[in-house]
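Asks:
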Amino acid sequence: MTGVVFSGTQPSGVLHLGNYLGAIKQWVTLQDKYKSIFCIVDLYAITANKLSASELKSNIFKTAAAYIACGIDPEKSIIFNQSTISSHTELSWLLGCYTPVGWLNRMTQFKDKAGSDKQKASLGLYSYPVLMAADILLYRTKYVPVGDDQKQHLELARDIALAFNNHYKLGHFVIPEILVLDHASRIMSLRDGTSKMSKSPPSEYSCINLDDTDDLIVKKVGKAKTDSILGFDFATLKCRPEISNLINIYSVLSNLDVDKVCEEMNKYDMQHFKGELADLIISVISPIREEINDLLKDQSHLYRVLKKGTEKAAEIVGHNIKEIKNIIGFVQ
Ligand code: AQP
76 MTGVVFSGTQ PSGVLHLGNY LGAIKQWVTL QDKYKSIFCI VDLYAITANK
126 LSASELKSNI FKTAAAYIAC GIDPEKSIIF NQSTISSHTE LSWLLGCYTP
176 VGWLNRMTQF KDKAGSDKQK ASLGLYSYPV LMAADILLYR TKYVPVGDDQ
226 KQHLELARDI ALAFNNHYKL GHFVIPEILV LDHASRIMSL RDGTSKMSKS
276 PPSEYSCINL DDTDDLIVKK VGKAKTDSIL GFDFATLKCR PEISNLINIY
326 SVLSNLDVDK VCEEMNKYDM QHFKGELADL IISVISPIRE EINDLLKDQS
376 HLYRVLKKGT EKAAEIVGHN IKEIKNIIGF VQ
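When we follow this note's numbering, the leftmost residue of the sequence shown carries the number 76, and every step to the right adds one.
Okay, here's the thing in structure tokens:
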């Protein structure tokens, strides 16, 4: 099949169950059908929480290990880190000149991440959706498999591509399409069913990390917030965000429909359900964790994977960035 797939995660912390179910699991299937590029978007990781240099380096290796452990095959897909190809930031500047500030002002993720004092948020955090557009458009990407939270940024990337194409009356940029998995598109926090599971959670019990031990998974699921209503009535799930999230995670991991999970779990009490859920999560996470730990023992191998990925990605972008500059009218 034709078309390029591009996606990425920020190495702003350890990858979690939300990243896996909402994005990476999909990538594993797509790599057999399309030319696939999976980036470690390290330039985003410095937009908000400032990590130390050693933390950032370690997160980049951990993310590369997690990609491979989840099933991304470096022989089939390109795995590289964004900061190694300067065309990403170069195109971001160019596209920024075709992006009205009003479009960026509408981005809800900036509003969420900037917090109450927006004046103190970095310019990088504000303009990050333009860099994301550059990442995608640089590779003439057709499909972008992401979680639900990235929908608005993808819409912006499409608008920027159309603005550029229309200005020069050329169809240079491929208009990318979003691929979102319905049920896994927004895995919520274990402590608050109305906030998404995230790498920088307010409590370590909100999130199942891909490197959590089995004991820690049991503990986190055991402490997951529930409510005082008995049973798992499918009809009332909408009003029970925490239970709905736990049932949804069970459904995605077991490939059973949500109503079937409710029917099955209605036979048991909450403690039993949590035990079943923890076992199911462990059956998926445990082999991934083991492989992450194995891969991290040999950083030079991971470094070689990233370097080879960078070389392959550079071959694609070199020609494209020249063509874009030519279209704009730069003398090169
Ligand atoms: N909770 C989630 N449910 C489903 N999908 C999710 N994704 C992230 N969280 C969930 C998807 O994972 C991919 C990588 O996301 P990211 O790491 O680049 O960015 P993020 O959305 O900012 O992740 P975090 O965990 O919330 O990080 P912090 O806390 O550092 O900001 C994307 O496809 C995303 O949709």
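C-beta atoms are modelled at their ideal positions from N, C-alpha and C, and glycine is treated no differently.
Quick check on the burial criterion: 16 or more other C-beta atoms within 10 angstroms. Buried or exposed for Ala299?
Replies: Answer is buried; the Cβ neighbour count reaches 16.
Asks: Could you tell me if Asp210 is buried or exposed, where buried requires 16 or more neighbouring beta carbons within 10 angstroms of its beta carbon?
Replies: Buried: at least 16 other Cβ atoms inside 10 Å.
Asks: Is it right to say Gln106 is buried, meaning 16 or more other beta carbons lie within 10 angstroms of its own, or is it exposed?
Replies: buried
Asks: Kindly provide the ranges of any beta strand (DSSP E) runs that are 3 or more residues long and lie completely inside the stretch 182-209, ordered along the chain.
Replies: Note on the stretch 182-209: there is no whole beta strand (DSSP E) run with a minimum of 3 residues.
Asks: Give me whichever residues DSSP pairs with Asn284 in a beta bridge.
Replies: His91
Asks: By alpha-carbon positions, which one of Ser158, Ile360 and Lys186 ends up nearest to Gly146?
Replies: Ile360
Asks: Along the chain, where does the beta strand (DSSP E) that runs through Tyr218 open and close?
Replies: Segment Thr216 to Pro220, the beta strand (DSSP E) holding Tyr218.
Asks: Report all residues from its chain with a CB closer than 8 Å to the CB of Ser202; omit the five preceding and five following residues, and keep chain order.
Replies: Ser167, Gly171 and Leu179
Asks: Residues in its own chain within less than 8 Å of Ile357 by CB, not counting five upstream and five downstream?
Replies: Cβ within range, chain order: Asp289, Ile292 and Val293.
Asks: Is the beta carbon of Lys100 within less than 7 Å of some heavy atom of the ligand AQP?
Replies: Not one heavy atom of the ligand AQP is found less than 7 Å from the C-beta of Lys100.
Asks: Roughly how many whole angstroms lie between the Cα atoms of Lys188 and Thr122?
Replies: Spanning the two alpha carbons is a distance of roughly 10 Å.
Asks: What three-state label does DSSP hand Phe348 in the structure shown?
Replies: helix
Asks: Can you have a look at Val176 and say buried or exposed, based on whether 16 or more other CB atoms are within 10 angstroms of its CB?
Replies: exposed
Asks: Considering Glu338, what are the terminal residues of the alpha helix (DSSP H) in which it resides?
Replies: Val333 to Met340
Asks: Within 7 Å: the Cβ of Thr84 and any heavy atom of the ligand ADP?
Replies: In the structure shown, the ligand ADP is absent; the only ligands present are the ligand AQP.
Asks: What are the complete beta strand (DSSP E) segments, minimum 3 residues, inside the stretch 235-315?
Replies: 252-254
Asks: State the CB to CB distance for the pair Val380 and Ala120, rounded to an integer number of angstroms; the pair is presumed to be in contact (CB under 8 Å).
Replies: Between Ala120 and Val380 the Cβ distance is about 19 Å, and since that is not below 8 Å, they are no contact.
Asks: In three-state DSSP terms, what is Val79?
Replies: strand
Asks: Starting from Ile112, trace the beta strand (DSSP E) both ways and give me its first and last residue.
Replies: Run containing Ile112: Lys110 to Ile115, per the beta strand (DSSP E) assignment.
Asks: Taking C-beta to C-beta, are Lys132 and Leu371 nearer than 8 Å?
Replies: no
Asks: Tell me which residue opens and which closes the beta strand (DSSP E) that Ile154 is part of.
Replies: Note, Ile154: beta strand (DSSP E), Ile153 to Asn156.
Asks: Less than 8 Å between the beta carbons of Pro251 and Leu285, yes or no?
Replies: no
Asks: The ligand AQP heavy atoms versus the CB of Gln106: any closer than 7 Å?
Replies: no
Asks: Using a Cβ-Cβ cut-off of 7 Å (strictly less than) and excluding sequence neighbours within five positions of Ala232, which residues of its own chain qualify?
Replies: Met207, Ala208, Ile211, Leu212 and Pro251
Asks: Taking the alpha carbon of His247 as the point to measure from, which residue in Arg215, Leu198 and Ser275 has its own alpha carbon closest?
Replies: Arg215
Asks: Quick one: residues in its chain with C-beta nearer than 7 Å to the C-beta of Ile135, no 5 flanking neighbours on either side, listed in chain order?
Replies: Cβ neighbours of Ile135 beyond the five flanking positions: Pro86, Ile115, Asp117 and Asn156.
Asks: Is Thr311 near Thr159, with beta carbons less than 8 Å apart?
Replies: Cβ distance not < 8 Å, so Thr311 and Thr159 don't count as in contact.
Asks: Taking the straight line between their C-alpha atoms, what separation do you get for Thr301 and Lys195?
Replies: 36 Å
Asks: DSSP puts Thr84 in a beta bridge; with which residues?
Replies: Ile115
Asks: My guess is that Ile363 and Ala98 are in contact by the Cβ rule of under 8 Å, so how many angstroms apart are they, rounded?
Replies: 14 Å between Cβ atoms; not a contact.
Asks: Near Val333, what residues of its chain come up, given a Cβ to Cβ distance below 8 Å and the 5 sequence neighbours on each side ignored?
Replies: His258, Phe309, Leu312, Ile322, Asn323 and Ser326
Asks: Under three-state DSSP, which class holds Ala144?
Replies: helix
Asks: Taking the CB atoms as reference points, tell me whether Ile253 and Val296 lie closer together than 8 Å.
Replies: Val296 sits away from Ile253, with the two beta carbons spaced by 8 Å or more.
Asks: So, with DSSP's three-state summary, where would you put Ala123?
Replies: Ala123: coil per DSSP, three-state reduction.
Asks: Are there 16 or more other CB atoms within 10 angstroms of the CB of Asn94, so buried, or fewer, so exposed?
Replies: buried
Asks: Out of Glu366, Asp223, Ile153 and Ile235, point me to the one whose CA is closest to Thr174's CA.
Replies: Ile235
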